[in-house]
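So that you can map any letter, position 75 of the sequence shown is 563 in this note's numbering, and since no number is skipped, the others follow by simple counting. Below is one structure, written out as structure tokens; comments come after it.
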Amino acid sequence: MADHEVNAVPVLRWEEPPEGPVLVLLDQTRLPGEEVECFCTDVPALVAAIRALVVRGAPLLGVVGGYGVALAAARGFDVEEASEQLAQARPTAVNLGYGVRRVRGVHERALAAGAGPEEAAAAALAEARAVHREEVEAGAAMGRHGWALLRELLPGGGLRVLTHCNTGTLVSGGEGTALAVVRAAHRAGALRRLWVDETRPLFQGSRLTGWEAARSGMAYSVLPDNAAGSLFAAGEVDAVVVGADRVAADGSVANKVGSYPLAVLARYHHVPFVVVAPLSTVDPGTEDGAGIEVEQRAGHEVTELAPGVSVAPPGARVYNPAFDVTPAELVTALVTESGVVSPVTPEGLAELCSRSRTR
Ligand code: MRU
Numbered sequence: 489m490a491d492h493e494v495n496a497v498p499v500l501r502w503e504e505p506p507e508g509p510v511l512v513l514l515d516q517t518r519l520p521g522e523e524v525e526c527f528c529t530d531v532p533a534l535v536a537a538i539r540a541l542v543v544r545g546a547p548l549l550g551v552v553g554g555y556g557v558a559l560a561a562a563r564g565f566d567v568e569e570a571s572e573q574l575a576q577a578r579p580t581a582v583n584l585g586y587g588v589r590r591v592r593g594v595h596e597r598a599l600a601a602g603a604g605p606e607e608a609a610a611a612a613l614a615e616a617r618a619v620h621r622e623e624v625e626a627g628a629a630m631g632r633h634g635w636a637l638l639r640e641l642l643p644g645g646g647l648r649v650l651t652h653c654n655t656g657t658l659v660s661g662g663e664g665t666a667l668a669v670v671r672a673a674h675r676a677g678a679l680r681r682l683w684v685d686e687t688r689p690l691f692q693g694s695r696l697t698g699w700e701a702a703r704s705g706m707a708y709s710v711l712p713d714n715a716a717g718s719l720f721a722a723g724e725v726d727a728v729v730v731g732a733d734r735v736a737a738d739g740s741v742a743n744k745v746g747s748y749p750l751a752v753l754a755r756y757h758h759v760p761f762v763v764v765a766p767l768s769t770v771d772p773g774t775e776d777g778a779g780i781e782v783e784q785r786a787g788h789e790v791t792e793l794a795p796g797v798s799v800a801p802p803g804a805r806v807y808n809p810a811f812d813v814t815p816a817e818l819v820t821a822l823v824t825e826s827g828v829v830s831p832v833t834p835e836g837l838a839e840l841c842s843r844s845r846t847r
């Protein structure tokens with residue numbers, strides 16, 4: 489059985505029971521302990537699920553944003569208002585607005601062309617499915633391009649790859665982004681070890697990437713984020729491979745907080761720092777890293793390991809940005825479904841985007 493079949497994970501599905509359409513999400517907050525589903529029948533429930541990270545990861549946020557608009561259309565809610573609420577649910581991953589805009593645009597154009605509400609809702613659902621399918625296909629292509637790049641940069645094989653956060657099947661339903669590259673290396677028998685940063689404070693690395701790595705039979709180890717430095721110093725890391733939530737026009741990369749220190753460490757230790765992201769994550773409308781809005785999350789995520797399990801004194805003030813920004817000069821290569829940009833320059837990025845648009 490192929491790896492993708494073994495690991496097929498139902499991250500989301502659209503159901504149409506007689507009571508009306510439902511978007512069913514795998515609740516990622518409950519992994520790895522339990523596989524529980526979350527049923528969204530309206531947009532406020534979906535917005536709450538997005539904010540709570542029931543569903544997360546840049547490409548999947550675009551996909552659920554699209555399905556959210558389709559849900560609003562199919563259930564007869566105000567699509568414009570629903571689109572605004574969905575697009576604003578989380579600020580950093582540009583994919584969310586991208587998915588929402590695409591599906592809303594199709595719905596609007598269908599109505600303007602004289603379609604009735606049901607026909608327009610069907611067109612919206614078809615577009616949401618297209619966004620989903622494209623992200624799955626992009627994951628497979630990124631896996632191929634990224635693996636070819638790693639072979640070129642590190643011809644010896646026996647790779648030890650450090651990754652951060654979760655970038656796998658759980659972020660697209662397909663192979664994922666950075667983890668698609670790791671999967672390709674693993675399938676080729678070239679992955680010696682996957683180092684999984686636990687990714688404080690919400691543990692997307694240990695909980696989710698660990699879960700996916702175990703299901704795929706990868707040799708993996710989880711480490712506390714603050715052990716990465718000594719791992720590099722011991723010469724145990726051949727490459728860092730991470731995803732992105734937004735890539736600005738100058739090539740700055742917003743990704744899960746803790747990515748930037750890894751890029752600094754990688755540069756100091758002469759290790760490639762590779763970012764893997766679909767073109768839906770590239771945002772030519774954001775000029776540079778300073779223009780990327782970084783989501784600030786609630787303090788209890790840092791001060792409590794679980795509800796009621798405190799790891800800080802009551803009233804402690806907290807700094808809890810969900811993302812950080814790595815400047816382009818620290819990124820060895822950006823891998824997209826349309827190819828690789830290296831070095832990451834505004835010109836190289838603009839060229840790739842325009843080439844992809846004209847295909
Ligand atoms: O807060 P999250 O869990 O949504 O953050 C996700 C990440 O930072 C991923 O690394 C990123 O979306 C890239 S993978 C698609």
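Glycine residues also receive a C-beta, built at the ideal position from the N, C-alpha and C atoms.
Rounded C-alpha distance that separates residue i from residue j
i: PRO834; j: ALA668; result: 25 angstroms
i: PRO815; j: ALA678; result: 29 angstroms
i: GLY486; j: GLU775; result: Because the chain is modelled from 489 through 847, residue 486 falls outside the range shown and cannot be assessed.
i: ALA629; j: ARG617; result: 18 angstroms
i: VAL670; j: GLU817; result: 23 angstroms
i: GLU839; j: LEU642; result: 26 angstroms
i: LEU837; j: ALA666; result: 18 angstroms
i: ALA672; j: LEU750; result: 22 angstroms
i: GLY644; j: GLY593; result: 48 angstroms
i: SER844; j: VAL829; result: 13 angstroms
i: GLU700; j: VAL497; result: 9 angstroms
i: HIS757; j: GLU825; result: 28 angstroms
i: GLY564; j: GLY773; result: 32 angstroms
Element boundaries [beta strand (DSSP E), containing residue i]
i: ARG734; result: 734–736
i: ASN583; result: No beta strand (DSSP E) holds ASN583; the alpha helix (DSSP H) holding it covers 582–600.
i: THR791; result: That residue, THR791, is in no beta strand (DSSP E); its alpha helix (DSSP H) goes 788–791.
i: ALA707; result: Looking at the DSSP string, ALA707 is not in any beta strand (DSSP E), and its letter there is neither H nor E.
i: ARG681; result: 679–685
i: LEU690; result: Segment: none, LEU690 is in no beta strand (DSSP E) and carries neither H nor E.
i: LEU541; result: Neither: LEU541 is in no beta strand (DSSP E) and is coded neither H nor E.
Close beta carbons around residue i, own chain, < 6 angstroms, minus the five adjacent residues each side
i: VAL588; result: GLY553, VAL557, SER571, LEU574, ALA575
i: HIS492; result: Residue placement at HIS492 is poorly supported in this model, since its pLDDT is 41, which falls under 50; the coordinates are not used for a value here.
i: VAL790; result: PRO689, VAL806, ASN808
i: HIS595; result: ALA561, VAL567, ALA608, ALA612
i: PRO760; result: LEU641, ALA727, THR820
i: VAL832; result: GLY739, ALA816, VAL819, LEU822
Extent of the continuous alpha helix (DSSP H) run through residue i
i: PHE720; result: 716–721
i: ASP562; result: According to the sequence shown, residue 562 is Ala rather than Asp. Here the alpha helix (DSSP H) through ALA562 covers 546–562.
i: GLY827; result: Careful: GLY827 lies outside any alpha helix (DSSP H), inside the beta strand (DSSP E) at 827–829.
i: LEU641; result: 605–641
i: GLU503; result: It is not in any alpha helix (DSSP H) - GLU503 instead sits in the beta strand (DSSP E) that spans 500–503.
i: VAL497; result: Per DSSP, VAL497 belongs to no alpha helix (DSSP H) and is neither H nor E.
i: ALA575; result: 567–575
Cβ-heavy atom distance, residue i to ligand 1, below 7 angstroms
i: GLN576; result: no
i: LEU541; result: yes
i: GLN692; result: yes
i: ASP733; result: yes
i: VAL730; result: yes
i: ALA581; result: yes
i: ARG755; result: no
i: ALA810; result: yes
i: THR655; result: yes
i: ASN714; result: no
i: GLY545; result: yes
i: VAL670; result: no
Close beta carbons around residue i, own chain, < 7 angstroms, minus the five adjacent residues each side
i: ALA537; result: LEU513, CYS526, CYS528, VAL543
i: MET706; result: HIS674, LEU679, LEU682
i: LEU696; result: GLN516, LEU519, ASN654, LEU658
i: GLY664; result: GLY627, THR655, GLY656, THR657
i: VAL582; result: ARG734, THR769, ASP771
i: ALA603; result: ALA611
Own chain residues within Cβ distance below 8 angstroms of residue i, not counting five before or after
i: THR580; result: ASP733, ARG734, ALA742, ILE780, GLU781, VAL782, GLU783, ALA810, PHE811
Does the stretch 758–778 touch the stretch 545–565, meaning 3 or more C-beta pairs lie closer than 8 angstroms?
-> yes
Counting pairs of Cβ atoms below 8 angstroms between the stretch 651–668 and the stretch 724–732, do you hit three or more?
-> yes
Sufficient close CB pairs (3 or more, under 8 angstroms) joining the stretch 635–642 to the stretch 711–718 = no
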